[in-house]
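Engineer: In this text, residue positions in the sequence shown follow the UniProt record's numbering: the first is 6, and each later residue adds one. All residues carry an ideal CB built from backbone N, CA and C; glycine is no exception. What you are looking at is a predicted structure, and each value in this text was computed from that prediction instead of being measured. Mind looking over this structure? Questions follow.
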Amino acid sequence: GQIVHLADYRPTDFILERVDLTFELDPTATRLEARLIFHRRDGADPKAPLVLDGDELTLAELRLDQNELPAAQFDVTPDSLVIRDLPEAAPFEVTVITIINPEANGQLMGLYRTNGVYCTQCEAEGFRRITYFPDRPDVLAPYTVTIIADKATNPVLLSNGNFLGGGNYDEGRHFAAWFDPFPKPSYLFALVAGDLGIVEDTFTTMSGREVALKIYVEHGKEPRAAYAMDALKRSMRWDEERFGREYDLDIFMIVAVSDFNMGAMENKGLNVFNDKYVLADPETATDQDYANIEAIIAHEYFHNWTGNRITCRDWFQLCLKEGLTVYRDHEFSADQRSRAVKRIAEVRHLKSEQFPEDAGPLAHPVRPTTYREINNFYTTTVYEKGSEVTRMIATILGRDRFKQGMDLYFERHDGDAATVEDFVACFAEVSGRDLTQFSRWYHQAGTPMVTASAEYDAASRSFVLTLEQNVPPTPGQSVKEPMHIPLSFALILDNGSIGEPSSITGGEVTDDVLHLTERHQTFTFSGIGARPVLSLNRGFSAPINLDFRQTPADLAHIARHDSDLFARWQALTDLALPNLLQAARDARDGKEITCDPAFLAALLEVAGDGNLEPAFRAQALALPSEADIARELGGNNDPDAIHAGRQAILAHLAREGAATFEALFASMRTEGAFTPDAASAGRRALRNSALSYLSYLDGGVARAADAFASADNMTDMTQALTVLAHRFPGEAATANALGAFLKRFDDNPLVLDKWFSIQATIPGVATLARVRALMEDPHFVATNPNRVRALIGTFAFANPTGFNRKDGEGYRFLARQILAIDPRNPQLAARILTSMRSWRSLEPTRAEHARTALGEISAAASLSTDVRDIVERMIQ
Ligand code: HT7
Ligand code: ZN
Numbered sequence: 006g007q008i009v010h011l012a013d014y015r016p017t018d019f020i021l022e023r024v025d026l027t028f029e030l031d032p033t034a035t036r037l038e039a040r041l042i043f044h045r046r047d048g049a050d051p052k053a054p055l056v057l058d059g060d061e062l063t064l065a066e067l068r069l070d071q072n073e074l075p076a077a078q079f080d081v082t083p084d085s086l087v088i089r090d091l092p093e094a095a096p097f098e099v100t101v102i103t104i105i106n107p108e109a110n111g112q113l114m115g116l117y118r119t120n121g122v123y124c125t126q127c128e129a130e131g132f133r134r135i136t137y138f139p140d141r142p143d144v145l146a147p148y149t150v151t152i153i154a155d156k157a158t159n160p161v162l163l164s165n166g167n168f169l170g171g172g173n174y175d176e177g178r179h180f181a182a183w184f185d186p187f188p189k190p191s192y193l194f195a196l197v198a199g200d201l202g203i204v205e206d207t208f209t210t211m212s213g214r215e216v217a218l219k220i221y222v223e224h225g226k227e228p229r230a231a232y233a234m235d236a237l238k239r240s241m242r243w244d245e246e247r248f249g250r251e252y253d254l255d256i257f258m259i260v261a262v263s264d265f266n267m268g269a270m271e272n273k274g275l276n277v278f279n280d281k282y283v284l285a286d287p288e289t290a291t292d293q294d295y296a297n298i299e300a301i302i303a304h305e306y307f308h309n310w311t312g313n314r315i316t317c318r319d320w321f322q323l324c325l326k327e328g329l330t331v332y333r334d335h336e337f338s339a340d341q342r343s344r345a346v347k348r349i350a351e352v353r354h355l356k357s358e359q360f361p362e363d364a365g366p367l368a369h370p371v372r373p374t375t376y377r378e379i380n381n382f383y384t385t386t387v388y389e390k391g392s393e394v395t396r397m398i399a400t401i402l403g404r405d406r407f408k409q410g411m412d413l414y415f416e417r418h419d420g421d422a423a424t425v426e427d428f429v430a431c432f433a434e435v436s437g438r439d440l441t442q443f444s445r446w447y448h449q450a451g452t453p454m455v456t457a458s459a460e461y462d463a464a465s466r467s468f469v470l471t472l473e474q475n476v477p478p479t480p481g482q483s484v485k486e487p488m489h490i491p492l493s494f495a496l497i498l499d500n501g502s503i504g505e506p507s508s509i510t511g512g513e514v515t516d517d518v519l520h521l522t523e524r525h526q527t528f529t530f531s532g533i534g535a536r537p538v539l540s541l542n543r544g545f546s547a548p549i550n551l552d553f554r555q556t557p558a559d560l561a562h563i564a565r566h567d568s569d570l571f572a573r574w575q576a577l578t579d580l581a582l583p584n585l586l587q588a589a590r591d592a593r594d595g596k597e598i599t600c601d602p603a604f605l606a607a608l609l610e611v612a613g614d615g616n617l618e619p620a621f622r623a624q625a626l627a628l629p630s631e632a633d634i635a636r637e638l639g640g641n642n643d644p645d646a647i648h649a650g651r652q653a654i655l656a657h658l659a660r661e662g663a664a665t666f667e668a669l670f671a672s673m674r675t676e677g678a679f680t681p682d683a684a685s686a687g688r689r690a691l692r693n694s695a696l697s698y699l700s701y702l703d704g705g706v707a708r709a710a711d712a713f714a715s716a717d718n719m720t721d722m723t724q725a726l727t728v729l730a731h732r733f734p735g736e737a738a739t740a741n742a743l744g745a746f747l748k749r750f751d752d753n754p755l756v757l758d759k760w761f762s763i764q765a766t767i768p769g770v771a772t773l774a775r776v777r778a779l780m781e782d783p784h785f786v787a788t789n790p791n792r793v794r795a796l797i798g799t800f801a802f803a804n805p806t807g808f809n810r811k812d813g814e815g816y817r818f819l820a821r822q823i824l825a826i827d828p829r830n831p832q833l834a835a836r837i838l839t840s841m842r843s844w845r846s847l848e849p850t851r852a853e854h855a856r857t858a859l860g861e862i863s864a865a866a867s868l869s870t871d872v873r874d875i876v877e878r879m880i881q
């Protein structure tokens, strides 16, 4: 793989006018005739050849304006097709015929078969595995697609756009033709064919057009698509109401497949989904599954405008569609559910996934400037940090101006392949603001550290806040400039009300937002009659690390009084952290582990507060994770000590709050038939949190076993099973429950994934042997990405003590697995390997073992570009 540089971007020499594809499907020898009409771009070199991309292709035939092309006029390899001596100005038609083998395509990029269904995945560079093509996102054209296939085994034939017609073709075969009038890049092309069940509905758009909605699933699974259909209709309505975006084709289709590298794909009019994000019913899906389905259905649907109607000029602009679309799906979920609880979950995810990426060897800007393998840039930085950057634009501009900027973006760039600069320019224009400094959020990697200190001066009735910002060095960027950081704030008075200063000096302030733009900046709040408590970065208005040494009393005050529920949760977390950090140190040093009673009291007060929504209380009780603690400790980490310390704190809390947890376990039961709404899910979350704490008290096993036996939905069942497996792995009750679960659900792959993941996350050294044994289980399917992620991925990403064994066996195991997965599915291998991204923060023995394992991978004779790129950046 060559390194690609943003600075090298050049438009193509040829404009693609039209694409006409005819597929004759066959499991091992699919024939594709691609007719492409081009003309030379005005001003392009009249002698420039046409260069088309390929990837492992075999050319069968090549014609120019229907005549076979002489061999002297072109050069072809599996990776490219170069045609010379083409017309200077007139349009011409290139016909390319390729033969491809979907059955043998284990990469799941291009055209492949999963469970007898033909399916495509073209983002980012999969189309070039189907035919020779200018496979880049700035080449847009309308597509006509004809699919010919055996009728008995492929009654369903789908592609993008509107259905043109179909019928019998020849002996045993039929055909269908589709036309997509909206010019699109090749990465949005899709084809699906097979024998699938269908769920149908309709949606009437805001201008009164009726759109047919169809979700295709395996036969028999139709009832499990009802929730996805409901989420789709809510998404369509929401995008009309919030962003004025209406759907544009006559039909919108979703297909669920069981082998898929990512969550889903937004192909125009024909979204393809990992079935994990479509299928749900109370017996088999957890509350988290329902929330994920709602979010991902929305995300892919929202791409119709942010990604499809306006696409990316090149892959460096990926955040233009992904960051923005994540922001849109976050806003959608916040409106459908509890905004504060949603925000807490987002920030938890950002800190546990994106912050480590930004602090390690894989750190890169939201808008990178080089890549070796684009598949490795579908990262949490591009997606989640990209979303936070969009959120900050909304915070800085305010809701109305932000809406105006979005309207301008849609109006000005509809049909374009755009850039981040185009996007930012719309907001600069509607607001009159210079967003040059703000744009550093796209260009500078690393999580900014903001250090804050505050002092109240009674004599002058003023409150002085001193801020300092620092962006840490990251690979390839040693020196950083100051960022524009919007910090939402409140001054909370003694009685809990919010103080209104008579003036604020030292920098720009809009509404409740301080604009930190200098490296050092001091804000003075005047006219404050008594010492207030400052709540800073409320709602996580900026994705930063904040070092603000507030006293436990001040944090408890925020936790009790802030009107921003997110800030209350943040204060509780800040109260918990020093206890957990000290516990980890004490565990390492073999000292007794204690806990600040004021912290226990504050947390238990929230847990028992009936005025607070249960989902919020559950979030508060879910203390910072072991990974959170490791991040706060910063380096020289011993995962065993972190685990032991955290367990001791949980046990303290369980004993102190026994009565509260008993009461919650009894009172939070949800009555009646299961409903997946957020309020019911919140009650289940709080009750299961109580169950988890009660497991630290006498009778814990029996209680969890009872909860498992009496569970009437998948959330309660998996939570009880997790308590049994993680807290009592050696007990007969646990073995019985795991056995019963397997027996009951052994025909349901998505539920089996949970069975594998729960066992992969059992803390401790013994789990590696269990994971190895599970790989030999007949239910383990090494070719199914969901199953591989559920067992091997979950072990490496989410089992700190089991994976980071001091003897290095976890890393050696992972290295072997990566080398085994890589030849078949490089994307999957590369992604799982990123679980080692924080290896340098481990204590020296473990870090040395990790380095050795990475060295073993990098020394392998043959590696994909995907894995090579990740491993080399990690050991650099
Ligand atoms: N835009 C989609 C990205 C995606 C993808 C990328 C690389 C390889 C396989 C893939 N499948 C889907 C998904 C999204 O963000 O909506
Ligand atoms: Zn996306």
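Using 8 Å as the cut-off, can you tell me whether the stretch 54 to 62 makes contact with the stretch 128 to 145, which would need three or more C-beta pairs spanning the two stretches below that distance?
Structural biologist: yes
Engineer: Report the residue ranges of all beta strand (DSSP E) runs contained in full by the stretch 177 to 214; include only those spanning at least 3 residues, in chain order.
Structural biologist: 178 to 189, 196 to 199 and 202 to 209
Engineer: Any chance the CB of V657 is under 7 Å from a heavy atom of the ligand HT7?
Structural biologist: The question names Val, but residue 657 is His in the sequence shown. Taking 7 Å as the cut-off, the C-beta of H657 does not count as close to any heavy atom of the ligand HT7.
Engineer: Measuring straight from C-alpha to C-alpha, what distance separates E93 and E22?
Structural biologist: Rounded to the nearest angstrom, the two C-alpha atoms are 16 Å apart.
Engineer: Below 8 Å, how does it come out for the stretch 613 to 624 and the stretch 687 to 696: are there three or more Cβ pairs, yes or no?
Structural biologist: Taking a contact to require three or more Cβ pairs closer than 8 Å, the stretch 613 to 624 and the stretch 687 to 696 qualify as touching.
Engineer: Could you have a look at N584 and say whether DSSP puts it in helix, strand or coil?
Structural biologist: helix
Engineer: Would you kindly report the start and end of the unbroken alpha helix (DSSP H) that includes P16?
Structural biologist: No residue range can be given for P16, since it is assigned to no alpha helix (DSSP H) and is classified by DSSP as neither H nor E.
Engineer: Between which two residues does the beta strand (DSSP E) carrying F494 extend?
Structural biologist: I490 to I497
Engineer: Quick check: what's the CA-CA separation for Y306 versus L163?
Structural biologist: The alpha-carbon of Y306 is positioned some 18 Å away from that of L163.
Engineer: In whole angstroms, what separates the C-alpha of R40 from that of L193?
Structural biologist: 18 Å
Engineer: Roughly how many angstroms separate the alpha carbons of I875 and N381, rounded to a whole number?
Structural biologist: 8 Å
Engineer: Less than 7 Å separating the Cβ of N380 from some heavy atom of the ligand HT7?
Structural biologist: At least one heavy atom of the ligand HT7 sits closer than 7 Å to the Cβ of N380.
Engineer: DSSP on T675, reduced to helix/strand/coil?
Structural biologist: coil
Engineer: Determine contact between the stretch 672 to 689 and the stretch 281 to 295, defined as no fewer than three beta-carbon pairs at a distance below 8 Å.
Structural biologist: yes
Engineer: Run the proximity test for M267: is its beta-carbon closer than 7 Å to any non-hydrogen atom belonging to the ligand FAD?
Structural biologist: This structure lacks the ligand FAD; its bound ligands are the ligand HT7 and the ligand ZN.
Engineer: Any idea which residues DSSP pairs E416 with across the strands?
Structural biologist: Beta-bridge analysis with DSSP links E416 to no other residue.
Engineer: Let me know if N616 comes out buried or exposed under the rule of 16 or more other beta-carbons within 10 Å of its beta-carbon.
Structural biologist: exposed
Engineer: Assuming D871 contacts P828 (C-beta within less than 8 Å), just tell me the rounded distance between them.
Structural biologist: Not quite, the Cβ-Cβ distance comes to about 11 Å (not below 8 Å), so this is no contact.
Engineer: In angstroms, rounded to a whole number, what distance separates the CA positions of A690 and M719?
Structural biologist: 12 Å
Engineer: In chain order, which continuous runs of the alpha helix (DSSP H) of length 4 or greater are located wholly inside the stretch 550 to 604?
Structural biologist: 557 to 566 and 570 to 593
Engineer: First and last residue of the beta strand (DSSP E) that includes V56?
Structural biologist: L55 to D58
Engineer: Looking at the strands, I want to know which residues DSSP matches up with H520.
Structural biologist: Paired residues: P491.
Engineer: How close, in whole Å, do the beta carbons of I490 and Q474 come, if the pair is a contact with beta carbons under 8 Å?
Structural biologist: 6 Å
Engineer: In its own chain, which residues sit with a C-beta less than 7 Å from the C-beta of P487, not counting the 5 before and 5 after it?
Structural biologist: Q474, T522, E523 and R524
Engineer: Assuming V122 is part of the beta strand (DSSP E), what are its boundary residues?
Structural biologist: V122 to Q126
Engineer: Which partner residues of H525 appear in the DSSP bridge assignment?
Structural biologist: E473
Engineer: How is the alpha helix (DSSP H) around P644 delimited, first residue to last?
Structural biologist: P644 to E661
Engineer: Could you pull out every unbroken beta strand (DSSP E) segment of at least 3 residues lying fully inside the stretch 433 to 488, listed in chain order?
Structural biologist: DSSP runs (the beta strand (DSSP E)) wholly in the stretch 433 to 488: 454 to 462 and 467 to 475.
Engineer: Looking at the secondary structure, which residues open and close the alpha helix (DSSP H) in which G391 lies?
Structural biologist: G391 to L402
Engineer: With a cut-off of 8 Å, do at least 3 Cβ pairs link the stretch 779 to 788 to the stretch 757 to 767?
Structural biologist: yes
Engineer: Less than 8 Å between the C-beta atoms of T125 and L26, yes or no?
Structural biologist: no
Engineer: Here's a check: name, in chain order, each residue in its chain whose Cβ is nearer than 8 Å to the Cβ of L145, leaving out the five neighbours to either side.
Structural biologist: L21, P188, K189, P190, T316, G420 and A422
Engineer: Nearest to H179 by alpha carbon, out of G769, A198 and P96?
Structural biologist: The candidate whose alpha carbon is nearest that of H179 is A198.
Engineer: Are the beta-carbon atoms belonging to F818 and L779 less than 8 Å from one another?
Structural biologist: 8 Å or more divides the Cβ of F818 from the Cβ of L779.
Engineer: What did DSSP end up calling L847 once you bin it into helix, strand or coil?
Structural biologist: Strand.
Engineer: I want to check one thing, is the minimum distance from the CB of H354 to the heavy atoms of the ligand ZN below 7 Å?
Structural biologist: no
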